Amino acid sequence: MQTIKRSWTINGTHYEVETAPLRRLLDVLREDLRLTGTKEGCGEGECGACTVMVDGEPVLACLLAAGQVPDGAQLTTVEGLEHTPGGRVLQEAYAELGAAQCGFCIPGMIVSSYALLQRGGTVDAAAIREAHAGNICRCTGYKKIVAAIELAAERWPTAGTGK
Amino acid sequence: MHTPQTLAEVAVYFPEELDEALAALADESRRGQLLAGGTDLMVQWEAGVRPLPAQVISIKHLSELCGIADKGAVLHIGAAVTHRQLRESGLVRQYLPSLAAAAATVGGYQIQAMGTIGGSLANASPAGDLAPSLLVAEARIVVANQQRERSIPATTFWQGYRTVDCAPDELIVRVECPKLKPGYVEGWRKLGPRKAQAISKVMGSFRGAYDGAVIREFHVAIGSVAPTCIRLTELESWLVGQPLTAATFQEAERRARDTVQPIDDVRSTAAYRRWVTGRMIRGFLETWPR
Ligand code: FES
Ligand code: FES
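Here the protein sequences come in this chain order: A and B. Quick note: the first sequence uses the numbering used here, first residue 1, plus one each step. Quick note: the second sequence uses the numbering used here, first residue 164, plus one each step.
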């Protein structure tokens with residue numbers, strides 16, 4: 001069976017990965033690297049629970065072939081967020097406003113939130129809803145999630161400290 | 164050749180240049196299923212609705228397929244340009260507003276960041292959201308094999324349900340799309356069960372010109388009402404020379420409803436799709452920016 005080698009930086013840590021090229025990034029993260037924060041909800045691109053960032057863009061790890069993630073890519077998963085000032089702000093805002101219930105959607109949801117706030121620009125309710133349109137939550141009804149992101153936007157660390 | 168049972172067993176070739184990809188396609192023993200953003204193929208493979216190929220050629224990273232270039236009256240859009248890039252490109256937003264708007268309704272942010280225009284065209288779903296805009300703009304799809312490039316009008320590229328005019332040794336390299344000319348407008352509408360991630364029940368685009376008294380030119384394309392996305396050419400010719408009045412709106416709605424022959428499926432019924440097609444045409448005319 002064919003394997004490919006990739007070096008990635010995930011949450012600031014260097015990883016050497018060797019895997020079958022079409023294996024899902026989700027399986028490489030969860031099974032090989034034991035980064036089990038990223039969840040599989042639907043496994044078919046509908047729910048967003050598996051959202052991770054590859055070179056700053058949120059993508060679905062259940063639809064991304066590991067071999068298509070280039071050598072040298074920078075990945076961010078939910079585990080990495082709490083080590084960033086922005087990620088901590090989001091974590092606190094979600095917790096403060098009770099934006100998580102069962103929590104299954106949150107690893108993907110909060111990665112989408114982080115990507116949105118990192119991109120900068122206007123962060124109103126419409127922009128938040130649009131940026132999270134690919135993340136399904138079956139518990140909260142989204143209102144508290146939107147409120148938490150608005151709160152995090154107000155507290156967002158200014159330029160240069162978002163890493 | 165051995166048939167893979169799981170994704171992990173599929174061999175993948177990562178060419179470094181377009182020429183290498185074309186050379187692999189030219190050789191029957193090295194030929195493979197082309198893979199770009201994976202938003203359609205990975206789902207279909209994982210769900211078992213499409214058999215796993217023995218071999219895949221990954222082309223998303225090829226620099227020859229990236230980028231959007233302004234060529235005067237036409238924009239050249241590389242096959243690996245993502246939906247995200249389409250909706251964010253200043254060029255596309257200005258000159259192909261219907262395409263930019265359509266790209267913005269494909270999936271959520273993540274799917275838009277992954278899926279490509281070439282992949283969307285090759286997948287040829289009757290519900291492919293980018294097709295109507297390309298049809299009304301009279302875009303051309305450029306495919307290449309090792310010997311030459313071939314340019315195909317969008318109107319004949321989709322030949323039937325999920326079949327396209329692209330041979331096994333060819334791949335889509337770019338889309339050449341005529342810009343909106345001064346005096347022309349475009350519109351885009353999509354009707355689906357919800358805003359994000361959803362496959363369309365009916366969607367469509369128009370491009371046209373109105374001279375202050377009557378419609379001078381009108382192109383309209385509707386998706387999800389036939390095996391491929393279609394131009395409503397009879398309706399188009401009828402509309403040319405008509406004023407933008409209530410009587411025109413009503414007659415256009417009736418004609419549109421009667422022309423299309425959609426099917427019943429899990430997403431909607433034929434009767435509903437016919438009705439929506441009529442309303443969509445009426446909406447285009449009623450809200451025509453003038
Ligand atoms: S698990 Fe990836 S989108 Fe649901
Ligand atoms: S908190 Fe349960 S799915 Fe979102």
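Yeah, the Cβ is synthetic: ideal placement off N, Cα and C, and Gly gets one too. Please read all numbers here as calculations on a predicted model, not as lab measurements.
Is there at least one Cβ from chain A nearer than 8 Å to Ile274/B's Cβ? For the purposes of this step, residue 274/B is identified with residue 111 of the second sequence, where counting begins at 1. At least one chain A Cβ lies under 8 Å of Ile274/B.
Going by alpha carbons, who is nearest to Val306/B out of Pro295/B, Thr432/B, Gln322/B, Cys329/B? Here residue 306/B refers to the residue found at position 143 of the second sequence. Taking only the C-alpha atoms, the option nearest Val306/B is Cys329/B.
What's the gap between the Cα of Gly37/A and the Cα of Glu333/B? For the purposes of this step, residue 37/A is taken as the residue at position 37 of the first sequence. For the purposes of this step, residue 333/B is taken as the residue at position 170 of the second sequence. Going by the C-alpha atoms only, they are around 41 Å apart.
Environment of Val146/A [buried if 16+ CB atoms lie within 10 Å]: Within the first sequence, the letter at position 146 stands for residue 146/A. The residue is buried, with at least 16 neighbouring Cβ atoms inside 10 Å.
Kindly confirm or deny that the region 283-301 of chain B and the region 388-403 of chain B touch, where touching means at least three C-beta pairs closer than 8 Å. Yes, they touch.
Element boundaries [alpha helix (DSSP H), containing Lys164/A]: The first residue shown for chain A is 1 and the last is 163, placing residue 164/A beyond what the model contains.
Within 7 Å of chain B by C-beta, residues of the region 41-72 of chain A in sequence order: Of all residues in the region 41-72 of chain A, only Gly43, Glu44, Gly45, Glu46, Gly48, Thr51, Glu57, Pro58, Val59, Leu60, Leu63, Leu64, Ala65, Gly67, Gln68, Pro70 come within less than 7 Å of chain B when Cβ atoms are compared, listed by chain position.
For the 8 Å Cβ check, are there 3 or more pairs between the region 77-89 of chain A and the region 119-129 of chain A? No, the region 77-89 of chain A does not touch the region 119-129 of chain A.
Cβ contact (3+ pairs, closer than 8 Å) linking the region 57-65 of chain A and the region 189-203 of chain B: Taking 8 Å as the limit for Cβ pairs, the verdict is that the region 189-203 of chain B does touch the region 57-65 of chain A.
Nearest candidate by alpha-carbon position, reference Ser283/B, set Leu262/B, Ala276/B, Gly291/B: Indexing the second sequence from 1 puts residue 283/B at position 120. With distances taken between Cα atoms, Ser283/B lies closest to Gly291/B.
Does the distance from the C-beta atom of Leu238/B to that of Val219/B stay below 8 Å? Within the second sequence, numbered from 1, the residue matching residue 238/B stands at position 75. Within the second sequence, numbered from 1, the residue matching residue 219/B stands at position 56. For Leu238/B and Val219/B, no; Cβs fall outside 8 Å.
Taking CB distances under 8 Å as the criterion, tell me whether Leu117/A reaches chain B. In the first sequence, residue 117/A corresponds to position 117, counting from 1. So, not an interface residue.
Residues of chain A with CB closer than 9 Å to the CB of Leu223/B, please, in chain order. The residue labelled residue 223/B in the question sits at position 60 within the second sequence. The question names Leu, but residue 223/B in the sequence shown is Lys. Under the 9 Å cutoff, chain A gives Gln68.
Contact test: Cys50/A Cβ vs ligand 2 heavy atom, cutoff 7 Å: Position 50 of the first sequence, counted from the first residue, corresponds to residue 50/A. Every heavy atom of ligand 2 is 7 Å or more from the Cβ of Cys50/A, so no.
Can you tell me whether Leu238/B is helix, strand or coil according to DSSP? Position 75 of the second sequence, counted from the start, is the residue given in the question as residue 238/B. Looking at Leu238/B - three-state DSSP - the assignment turns out to be strand.
Mind checking whether the beta-carbon of Glu46/A lies closer than 7 Å to any heavy atom of ligand 1? Reading the first sequence from its first residue, position 46 is the one you call residue 46/A. Within the cutoff, so yes.
Measuring CB to CB, does Gly271/B end up less than 8 Å from Asn135/A? To locate residue 271/B, count along the second sequence from 1; it is residue 108. To locate residue 135/A, count along the first sequence from 1; it is residue 135. Yes. Within cutoff.
Pull up the DSSP beta-bridge partners for Glu399/B, would you. Here residue 399/B is taken as the residue at index 236 of the second sequence, counted from 1. In DSSP, Glu399/B forms no bridge with anything.
Considering only residues of the same chain and omitting the five flanking positions on each side of Gly160/A, which have a CB-CB separation below 8 Å? What you label residue 160/A is simply residue 160 of the first sequence in a count that begins at 1. With a pLDDT of 49 at Gly160/A, under the threshold of 50, the modelled position of that residue is not reliable, and the figure given next carries that caveat. For Gly160/A, where only same-chain residues beyond five positions count, there are no Cβ hits under 8 Å.
Between Leu225/B and the rest of its own chain, which residues show a CB-CB distance below 6 Å, the 5 nearest in sequence each way excluded? Within the second sequence, residue 225/B is the residue found at index 62, counting from 1. Excluding residues within five positions, the ones whose Cβ falls inside 6 Å are Leu181.
What are the complete alpha helix (DSSP H) segments, minimum 4 residues, inside the region 19-85 of chain A? 78-81
Alpha carbon to alpha carbon, what distance is there between Val111/A and Cys105/A? Start at 1 with the first residue of the first sequence, and residue 105/A comes out as number 105. Start at 1 with the first residue of the first sequence, and residue 111/A comes out as number 111. Cα to Cα, the separation comes out at about 10 Å.
Since Ile426/B is in the beta strand (DSSP E), which residue starts that stretch and which ends it? What you label residue 426/B is simply residue 263 of the second sequence in a count that begins at 1. That residue, Ile426/B, is in no beta strand (DSSP E); it is neither H nor E in DSSP.
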